[in-house]
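Report on the structure given below.
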Amino acid sequence: MSHVKHAIISAAGLGSRLGLDMPKCLLQINHKPIIEYQLELLRTVEDVRVVVGFLEDQVIDTIKRLRRDVVFIRNPLYRTTSTSYSLHLATKDLQDSFLIIDGDLLINPKSFETFLQRCNGQASIIGITRAKTEDAVFVEVQNQQIVRFHRRPQTDYEWCGVAFLKDLPINKDLIYIYEELEKRCPLDCHEIECYEIDTPADYQQAIQFFDHFDRLDVR
Amino acid sequence: MRTAFFFDLDGTVTRQEILPLLSKEIGLYSEMQVFTDATIRGMIPFDSSFKLRCKILNEIPISRAKQLISQVAVNETVVKFIRRHSDQCFIVTGNLDVWVSTLLDQIGAYYFCSSAEHDCDRLIGVRHILNKGSAVQEVKQRGNVERVVAIGDGMNDVDMFAQSDIRIAFGGVHEPVQTLIQMSDIVVYTEDALCRTLNTLL
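Those sequence lines, one after another, are chains L and V. Residue numbering for the first sequence follows the working numbering, starting at 1 and increasing by one per position. Residue numbering for the second sequence follows the working numbering, starting at 1 and increasing by one per position.
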């Protein structure tokens, strides 16, 4: 069992920029939906929660075939609320620290494994990745800690949408989670190789990088 | 009491539906199953379906029905949770007091159920059918309950969900009805996932 007791995947959003009539977590990469790769990464986590909203029936149906003991948290207000609100719903009753993951991420399993190993419950750890998305939340890193989050100017790294949070409750009225993280700086960070899928171009890129993951992940 | 938990009985605490189980005794299992499924799905209103099903089952002596029901398969982890927190758990069922009291006493939770009219060991009919929403209201009116968590799977849990603060649709035995899923905050498909969630709500 992992030190991480709870993991929350946010998969409620519309994913409108992709232009597909499909929740982003169900996008297929090499004949498997992204959510399947994420569930594999979390196989040692006892309590996996998925926040569902847009086309929730499809998402629930897919997930319960892959891992039946997932806890589905419904966010029926997904059209008008942010990821913070979804995460608030899933974490408000949790006493322990928890891991959050955006449902539209394709993550290199090797690099996620080393991140998980660092999550020993002592402190929050923020997952960062080489800056590559359009509306990134950039991080300023000093001595292996994040000292600032900002939209501008661009830096080499961005927050990747994965974080292990200890004593860091998620307020439902936040628009962006990094606003809350910002207040807690400096925060430990760890690099994760991952690709967020927001646009058709991101999707194409993720498909290409998937092959490269496969070569890295010889076990 | 900070949180009160209200559990549906059939398909939530038990792993099988109780009335079809009884109907085996009179050789009408599949017929009763069809009726029960249609009722869970809301194709037939609970009250009239229940009265009719009781009428069919009334040739079974009450003592025999009690005995059969006390052997019903239960979700062990759920029962364990209820026993451990028996002062804050309630089982609410439309089923008859004379049939289910032995089982519910064995489990050891507080309970609300429908009441029967009977003549010694012979069931005459249904006196009063429980509205699960009223059961929740009654406990709330006693005071000292901060929030109510309801767990169920069928159409007759709708009133209970409407009166609760946190609603959990449970699909461990059969798929919860859509109406209930649409009213719910949380949906789970195994009893482990259910109890894990309940433990965070204590």
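Note that CB positions come from ideal geometry on N, CA and C, so glycine has one too. In this text the structure is predicted, and so the values were computed from the model without any measurement.
Give a yes or no on whether 8 Å exceeds the smallest Cβ distance from residue i to chain L.
i                 : result
Arg147 of chain V : no
Arg180 of chain V : Note on residue identity: the sequence assigns Leu, not Arg, to residue 180 of chain V. False, the Cβ-Cβ gap to chain L never drops below 8 Å.
Thr193 of chain V : First, the amino acid is wrong: residue 193 of chain V is Ala here, not Thr. Answer yes: the Cβ-Cβ gap between Ala193 of chain V and chain L drops below 8 Å somewhere.
Leu68 of chain V  : no
Leu201 of chain V : yes
Here's the rule: buried if 16 or more other CB atoms are within 10 angstroms of the residue's CB, otherwise exposed. What is residue i?
i                 : result
His31 of chain L  : exposed
Gly103 of chain L : buried
Ser115 of chain V : exposed
Met155 of chain V : buried
Ile175 of chain L : exposed
Asp10 of chain V  : buried
Thr12 of chain V  : buried
Lys132 of chain V : buried
Asn144 of chain V : exposed
Val218 of chain L : Low confidence applies to Val218 of chain L: its pLDDT is 42, below 50, so where it sits in the model is not reliable, and the reading given next is rough at best. Exposed, because fewer than 16 other Cβ atoms sit within 10 Å of the Cβ of Val218 of chain L.
Cys120 of chain V : exposed
Gln122 of chain L : exposed
Leu87 of chain L  : buried
Ser30 of chain V  : exposed
Gly19 of chain L  : exposed
Arg49 of chain L  : buried
Can the beta-carbon of residue i be found closer than 8 Å to that of residue j?
i                 : j                 : result
Arg17 of chain L  : Asp198 of chain L : yes
Leu94 of chain L  : His190 of chain L : no
Arg15 of chain V  : Val173 of chain V : yes
Val100 of chain V : Cys113 of chain V : yes
Ile129 of chain V : Asp47 of chain V  : yes
Val162 of chain L : Phe149 of chain L : no
Can you pull the DSSP bridge partners for residue i?
i                 : result
Pro33 of chain L  : L:Gln28
Trp159 of chain L : L:Ile128
Asp8 of chain V   : V:Val92
Asp119 of chain V : V:Arg122
Ala11 of chain L  : L:Val52
Leu187 of chain L : L:Ile146
Asp47 of chain L  : L:His6
Taking only beta-carbon positions, decide if residue i is within less than 8 Å of chain V.
i                 : result
Ile100 of chain L : no
Val71 of chain L  : yes
Ile170 of chain L : no
Arg219 of chain L : No answer about Arg219 of chain L holds up, because its pLDDT of 41 lies below 50 and its placement is not dependable.
Leu174 of chain L : no
Ile60 of chain L  : yes
Going along chain L in order, which residues have a C-beta closer than 8 Å to the C-beta of residue i?
i                 : result
Leu198 of chain V : Going along chain L, no residue has its Cβ under 8 Å from Leu198 of chain V, so there is no contact; the nearest lies around 10 Å.
Ser184 of chain V : Arg74
What in chain V is Cβ-close to residue i, meaning under 7 Å?
i                : result
Arg68 of chain L : Tyr189 and Thr190
Lys64 of chain L : Tyr189
Leu87 of chain L : Result: empty, since nearest Cβ-Cβ is about 14 Å, beyond 7 Å.
Leu94 of chain L : Thr200
Asp47 of chain L : Arg196
Within the present structure, is the beta-carbon of residue i separated from the nearest heavy atom of the ligand NAD by less than 7 Å?
i                 : result
Asn143 of chain L : Among the components of this structure there are no ligands whatsoever, and the ligand NAD is therefore not found.
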